[in-house]
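Worksheet: the structure to be examined is printed underneath.
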Amino acid sequence: MAEPYAESPLATYTEVLSRHSVPGRIDIAERPFVAQVDVRVDPKSPAAERIGTALGAMLPNQPGEVAVAGELSVLWLGPDEWLILGPEGSQETIQDTVNAALDGDHAAVVDVSANRTILSITGPKTRELLNKGCALDLHPRSFAVDRCAQTMLARAGVILVCRDTQLPSYWVIVRSSFARYVADWLADAAVEYGSGSG
2 MAEPYAESPL
12 ATYTEVLSRH
22 SVPGRIDIAE
32 RPFVAQVDVR
42 VDPKSPAAER
52 IGTALGAMLP
62 NQPGEVAVAG
72 ELSVLWLGPD
82 EWLILGPEGS
92 QETIQDTVNA
102 ALDGDHAAVV
112 DVSANRTILS
122 ITGPKTRELL
132 NKGCALDLHP
142 RSFAVDRCAQ
152 TMLARAGVIL
162 VCRDTQLPSY
172 WVIVRSSFAR
182 YVADWLADAA
192 VEYGSGSG
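This is the structure:
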C-alpha cells in the first residue's frame, strides 16, 4: 500500500516568501499542516463545559477571544463555533478528546485541517504590511495578543490571529484555494521594505 502524501497549498512558494522577507523588518512564511478542528456546540450546555475541561481551556465566550492550553489554541468564530488549532498530526487526538467529552450530547466536530493553511508574518513592519489590505485596527490596544478576527485581507476572507504585539507577530489563516493569491499579495506588498526606505 502506498504511503499517504500531503503537499501544502504553498509548497512551491517557500522560496518566494523567503525572498520577499526582509531581515529585521518582516518575515513571511507558511505554517503548513497545523491541525484544525471545527467544533459547533451549544455554549451553555454541559457538553461545552466538559469540552473545555478536556482541552485544558474553556471555550471562549466573547467575540475574538483565543484560549490557549499548552500547544492548543481555541479560536472563537461565532456564538456556537470554535476552531481548535494544534500541532501537525494532532487532529485525530483533538477530535477524540472532544468527542469523548461530548458523552453522547449533540455537537459537530469536523477535521478542517486540509481546508486552510496558515501564513505567519512577523517583524516590526507587520502591522503596516497587513493594514495595506485589512481595515482592522491592529494597534495592540484594539487587537491584543490572543485575539482573532474573521476579516478581509486584500479581498480574501481570512482569520487573523495576533500571536505577539511586541515583535509583532500574526497568523493569517486562509482557505487553500486563496492561499497563493494571498501569498502573492503579501510578497508584492512587502517589496518596499527591502528598498532601504521606511
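Quick note on our numbering: the sequence shown kicks off at 2 and runs consecutively. Cβ atoms here follow ideal geometry from the backbone N, Cα and C, with glycine treated the same way.
Which residues in the same chain have their Cβ closer than 8 Å to the Cβ of Pro88, if we skip the five residues on either side of it in sequence?
Counting from one through the sequence shown, the residue named residue 88 turns up at place 87. If we look at Pro88 and ignore the five residues flanking it on each side, its Cβ neighbours are Val35, Ala36 and Glu72.
Tell me, please, which residues DSSP counts as bridged to Ala68.
As a first step, residue 68 must be located in the sequence shown, where it is residue number 67. The partner list for Ala68 (beta bridge, DSSP) reads Val75.
Among Leu130, Glu193, Ser121 and Lys133, whose alpha-carbon lies nearest the alpha-carbon of Ile160?
Numbered from 1 along the sequence shown, position 159 holds the residue referred to as residue 160. It is Ser121 whose Cα lies nearest to the Cα of Ile160.
Report the residue from Val75, Trp77, Ala180 and Asp112 whose alpha carbon sits nearest the alpha carbon of Ala157.
Here residue 157 is taken as the residue at index 156 of the sequence shown, counted from 1. Minimum Cα distance to Ala157 is reached at Ala180.
Supposed contact pair Arg117 and Ile29 - C-beta distance, whole angstroms, cut 8 Å:
On the sequence shown, residue 29 is found 28 positions in, with the first residue counted as 1. On the sequence shown, residue 117 is found 116 positions in, with the first residue counted as 1. Not really, about 17 Å apart at Cβ, beyond 8 Å.
Specify whether the segment 19–27 and the segment 62–78 touch according to this definition: at least 3 beta carbon pairs, one from each stretch, less than 8 Å apart.
no
Would you decide whether Lys45 is buried or exposed? Buried here means 16 or more other CB atoms lie within 10 Å of its CB.
Position 44 of the sequence shown, counting from 1, holds the residue named residue 45. When all chains shown are included, Lys45 counts as exposed.
Can you give, in chain order, each stretch of the beta strand (DSSP E) that sits fully within the segment 43–129 and has at least 3 residues?
67–70, 73–79, 82–87, 109–112 and 117–123
Residue range of the beta strand (DSSP E) that includes Arg148:
In the sequence shown, counting from the first residue as 1, residue 148 sits at position 147. Looking at the DSSP string, the run of the beta strand (DSSP E) that includes Arg148 is Arg148 to Leu154.
If we call anything under 9 Å between Cβ atoms a contact, is Ala146 one with Arg164?
One-based indexing of the sequence shown puts residue 146 at position 145. One-based indexing of the sequence shown puts residue 164 at position 163. The amino acid occupying residue 146 in the given sequence is Val; Ala does not appear at that position. Yes; because the gap between Cβ atoms is below 9 Å, this pair is in contact.
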